[in-house]
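Undergrad: Quick note on numbering: the sequence shown equals residues 18 to 285 in the numbering used here. Glycine residues also receive a C-beta, built at the ideal position from the N, C-alpha and C atoms. I have a structure I would like to understand better, so I am pasting it below and will then ask my questions one at a time.
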Amino acid sequence: MMAISKSKNTDAITLLLEVMSQLRDPNYGCSWDCAQTHQSIAAYSIEEAYELYDALLAGEDRAIRDELGDLLLQVVFHAQIAQERKAFDFDDVANAIAQKMIRRHPHIFSQNAKNPDATSWEDIKQKERIEKNLNSILDDIPLSLPALTRSLKLQKRAARVGFDWDDVQQVLDKLHEETQELVEARTHKSHADICEEFGDMMFVMVNISRHLDIDPEDALRAANSKFTRRFRYIETKFNNDQEALKKAPIQELEKLWIEAKNLEKTPK
């Protein structure tokens, strides 16, 4: 067993890096940690980011601290794996992001600091895309993003070069058109066609949210929370008895749903 020595001269990042190094030690480390690869733990980064997001929305400082730590662990984990492959290490990761932020803020860090409009953020990012051989302004939008988030980013990026509706009413009209196409597809077309039309309608809904300055993920998250609150109210009326809930007539459930809705509107 290897010992980690923590002294007043050991900063927190160094300690964390040493802990991860020991966990990955082929002779003295943890068998599970040693077996992991970039691919095997990739999903944990998304999971931890969402848990941090929930903590941030809740505004609980201790939870935010803990979730930031969990997310930082994923960064350190991947950096350790990369270091073992002699690809890069944690210092390279930290230096790369520091240099990127300096590069993207010339109005703060360069000789043109007194001229905040010398180079725009988007101009700098476009230069970086060219350096990465990205031909389209859409190329660096990750495929792995949640679908709503990716739709919003695609639309914002296209709008920057003028590919956009003039106002939200035009998008609302487009939604009506897409809704009619979905209705027609449901009657005359295959499931694949119906799925395509539904996707088109969802894409237009995201466009509406963008024109109304609404984040679609936030809006849907709020709708999910509202549904959860109201449905739990119904469950409590049946003492959380799922069998009784299943046997209840839909009219009774709708009445309870309206009760829950009205309770939310009642001033407290």
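Which whole runs of the beta strand (DSSP E) in the segment 34-116 are 3 residues long or more, in chain order?
TA: none
Undergrad: Quick one: residues in its chain with C-beta nearer than 7 Å to the C-beta of Ala202, no 5 flanking neighbours on either side, listed in chain order?
TA: Reading the sequence shown from its first residue, position 185 is the one you call residue 202. Taken in chain order, the residues that qualify are Asp210, Ile211, Glu214.
Undergrad: Could you tell me whether the segment 265-279 touches the segment 244-255, using the rule of 3 or more Cβ pairs below 8 Å?
TA: Under the three-pair Cβ rule at 8 Å, the segment 265-279 counts as touching the segment 244-255.
Undergrad: Give the DSSP-derived three-state secondary structure of Arg167 in the structure shown.
TA: Here residue 167 refers to the residue found at position 150 when the sequence shown is read from its first residue. Arg167: helix per DSSP, three-state reduction.
Undergrad: Report buried or exposed for Arg101, applying the criterion of at least 16 other Cβ atoms within 10 angstroms of its Cβ.
TA: For the purposes of this step, residue 101 is taken as residue 84 along the sequence shown, with counting starting at 1. Note that residue 101 corresponds to Glu in the displayed sequence, not to Arg. Exposed.
Undergrad: Can you tell me where the alpha helix (DSSP H) holding Ala239 begins and where it ends?
TA: Residue numbering aside, residue 239 sits at position 222 when the sequence shown is read from its first letter. From DSSP, the alpha helix (DSSP H) with Ala239 extends over 233-254.
Undergrad: Would you check if the segment 52-65 and the segment 120-127 touch, i.e. whether three or more CB-CB distances between them fall below 8 Å?
TA: no
Undergrad: Rounded C-beta distance between Leu169 and Pro266? I'm assuming under 8 Å.
TA: The count along the sequence shown starts at 1 and reaches residue 169 at position 152. The count along the sequence shown starts at 1 and reaches residue 266 at position 249. Not really, about 41 Å apart at Cβ, beyond 8 Å.
Undergrad: Using 7 Å as the limit for Cβ to Cβ distance, is Gln39 near chain C?
TA: Absent from the structure is chain C; it holds one protein chain and no more.
Undergrad: Are at least three pairs of beta-carbons, each pair with one atom in the segment 182-194 and one in the segment 215-231, less than 8 Å apart?
TA: yes
Undergrad: Going by alpha carbons, who is nearest to Glu84 out of Val93, Leu73, Phe94?
TA: Locating residue 84 in the sequence shown gives position 67, where the first residue counts as 1. Of the candidates Val93, Leu73, Phe94, the one whose C-alpha sits nearest the C-alpha of Glu84 is Leu73.
Undergrad: Buried or exposed for Arg41, going by 16 or more other Cβ atoms inside 10 Å?
TA: Position 24 of the sequence shown holds residue 41. With 16 or more other Cβ atoms within 10 Å, it is buried.
Undergrad: Between which residues of its own chain and Glu77 is the CB-CB distance below 8 Å, once the five residues before and five after are set aside?
TA: Locating residue 77 in the sequence shown gives position 60, counting from the first residue. Closer than 8 Å at the Cβ level, and outside the excluded window around Glu77, lies no residue.
Undergrad: Is the beta carbon of Glu194 sitting closer than 7 Å to the one on Asp217?
TA: As a working mapping, residue 194 is identified with position 177 in the sequence shown. As a working mapping, residue 217 is identified with position 200 in the sequence shown. No, Cβ-Cβ distance for Glu194 and Asp217 is not below 7 Å.
Undergrad: What did DSSP end up calling Asp230 once you bin it into helix, strand or coil?
TA: By 1-based counting over the sequence shown, the position of residue 230 is 213. Note: Asp230 maps to coil in three-state DSSP.
Undergrad: Using the Cα positions of Leu229 and Asp235, report the straight-line distance between them to the nearest angstrom.
TA: Taking the sequence shown and counting its residues from 1, the one referred to as residue 229 is at position 212. Taking the sequence shown and counting its residues from 1, the one referred to as residue 235 is at position 218. Going from the Cα of Leu229 to the Cα of Asp235 covers about 13 Å.
Undergrad: Give me the Cα-Cα distance between Ala99 and Lys282, rounded to the nearest whole angstrom.
TA: To locate residue 99, count along the sequence shown from 1; it is residue 82. To locate residue 282, count along the sequence shown from 1; it is residue 265. When rounded, the distance between both Cα atoms is 54 Å.
Undergrad: Can you list, in chain order, the residues of its chain with a C-beta nearer than 8 Å to that of Phe255? Leave out the 5 residues immediately preceding and following it.
TA: Locating residue 255 in the sequence shown gives position 238, where the first residue counts as 1. Excluding sequence neighbours, Phe255 sits near Ala261, Leu262, Ala265.
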